[in-house]
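S.K.:
In UniProt numbering, the protein residues as written are 1 to 283.
(1) Report buried or exposed for residue 276, applying the criterion of at least 16 other Cβ atoms within 10 angstroms of its Cβ.
(2) So residue 29 and residue 35 are supposed to be a Cβ contact under 8 Å. How far apart are they, rounded?
(3) From the DSSP secondary-structure annotation, give me the bridge partner or partners of residue 132.
(4) Considering only the alpha carbon of each residue, which of 157, 33, 203, 272 lies closest to residue 68?
(5) Mapping the DSSP letters down to three states, classify residue 27 as helix, strand or coil.
(6) Please return the same chain residues whose Cβ sits closer than 7 Å to the Cβ of residue 151, not counting the five positions on each side in sequence.
(7) In whole angstroms, what separates the C-alpha of residue 87 from that of residue 26?
(8) How would you write the range of the beta strand (DSSP E) that residue 51 sits in, first residue to last?
(9) Excluding the five sequence neighbours on either side, which residues of its own chain have a C-beta within less than 8 Å of the C-beta of residue 270, listed in chain order?
(10) Please name the residue or residues paired with residue 33 in a DSSP beta bridge.
(11) Based on the DSSP secondary-structure assignment, which residues constitute the bridge partners of residue 243?
(12) Determine the closest residue to residue 171 out of 249, 153, 119, 2, with distance taken between C-alpha atoms.
(13) Measuring CA to CA, which of 47, 139, 253, 224 is closest to residue 182?
(14) So, at 6 Å on beta carbons, what are the nonlocal neighbours of residue 242 in its own chain, with the 5 sequence-adjacent residues on each side left out?
(15) Are residue 115 and residue 83 touching if we call contact CB-CB under 7 Å?
(16) Going by the beta-carbon positions, is the gap between residue 112 and residue 174 smaller than 7 Å?
(17) Measuring CA to CA, which of 75, 18, 73, 72 is closest to residue 47?
(18) By the 10 Å Cβ neighbour count, where 16 or more other Cβ atoms means buried, how is residue 4 classified, buried or exposed?
(19) Taking only three categories from DSSP, how would you classify residue 147?
(20) Can you grab the Cα-Cα spacing for the pair residue 266 / residue 70, in whole Å?
(21) From residue 63 to residue 230, what distance separates their C-alpha atoms?
(22) Does the beta carbon of residue 96 sit closer than 7 Å to a beta carbon anywhere in chain E?
(23) By Cβ distance below 7 Å, which residues in the same chain neighbour residue 245 in space, the five residues on each side in sequence not counted?
(24) Starting from the Cα of residue 130, find the closest Cα among 240, 2, 263 and give me that residue.
(25) Figure out for me which residue from 74, 85, 76 has the closest Cα to the Cα of residue 55.
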């Protein structure tokens with residue numbers, strides 16, 4: 001009996017996709033690990049993992065990868081697609097260039113749509129599973145990540161919508177709302193992005209550029225996260241999963257939080273309190 005197959009996007013060394021690729025390989029699956037930079041996938045070859053060059057923002061690259069997997073699986077289809085690739089852009093929205101906002105949505109939203117659409121015939125053949133890696137940021141909505149937060153909220157809506165559309169074809173859709181996991185997300189940003197001179201957010205420069213708001217956060221390793229997700233996807237996962245540190249809190253907040261509930265915390269932790277008028281520095 002042939003092994004089940006899985007394709008994972010965003011598998012550069014050290015990230016969530018890397019951890020997932022190695023974990024699913026250890027469980028006996030045929031793993032296709034995709035990424036843009038072959039040098040950052042090279043370490044997977046020795047493990048018997050098939051590395052694919054795939055840029056989720058490039059239609060030609062997506063089409064080539066889908067055709068490669070179709071030939072490799074020899075008509076058996078694709079059992080699991082994990083849409084993990086994504087980017088972030090940390091910047092006050094007032095200072096965020098429109099091109100940077102579009103870049104985040106192109107990778108995080110349009111990329112998920114395009115890859116899922118391209119691999120859909122293979123997923124239908126195998127009556128497979130689409131797993132979209134989301135983020136608890138869609139619940140917490142921390143400052144300076146407007147593009148990323150909005151993109152992950154869009155992935156949630158996309159997942160919920162196509163879940164129903166794909167029911168007649170036997171394809172399961174799982175949305176994994178991910179908490180704090182050590183990954184390449186912040187490291188993959190373009191170097192040199194700085195708060196522009198004269199910005200009204202200059203007092204928050206350290207929080208934006210040095211990511212000081214992350215201090216004290218407990219992160220799971222990609223390996224820890226991957227074990228949880230592999231257990232889920234190789235079992236009978238529900239439509240929405242909450243995985244990783246802070247995901248439990250995010251789940252509670254998704255039911256009980258109200259708009260502005262986190263304002264006091266964010267004003268303090270992100271340096272925004274220094275910008276408040278003196279009589280209204282607490283909200």
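We put the beta carbon where it would ideally sit given N, CA and C, even for glycine.
M.R.: Based on what the coordinates show:
(1) exposed
(2) Contact flag wrong, Cβ pair sits at about 18 Å.
(3) 83, 175
(4) 33
(5) coil
(6) 104, 105, 108, 109
(7) 27 Å
(8) 50 to 53
(9) 142, 143, 144, 204, 207, 213
(10) 8, 51
(11) 178
(12) 119
(13) 224
(14) 177, 251
(15) yes
(16) no
(17) 18
(18) buried
(19) helix
(20) 47 Å
(21) 26 Å
(22) Included in the structure is just one protein chain, with no chain E present.
(23) 179, 180, 218, 219, 220
(24) 240
(25) 85
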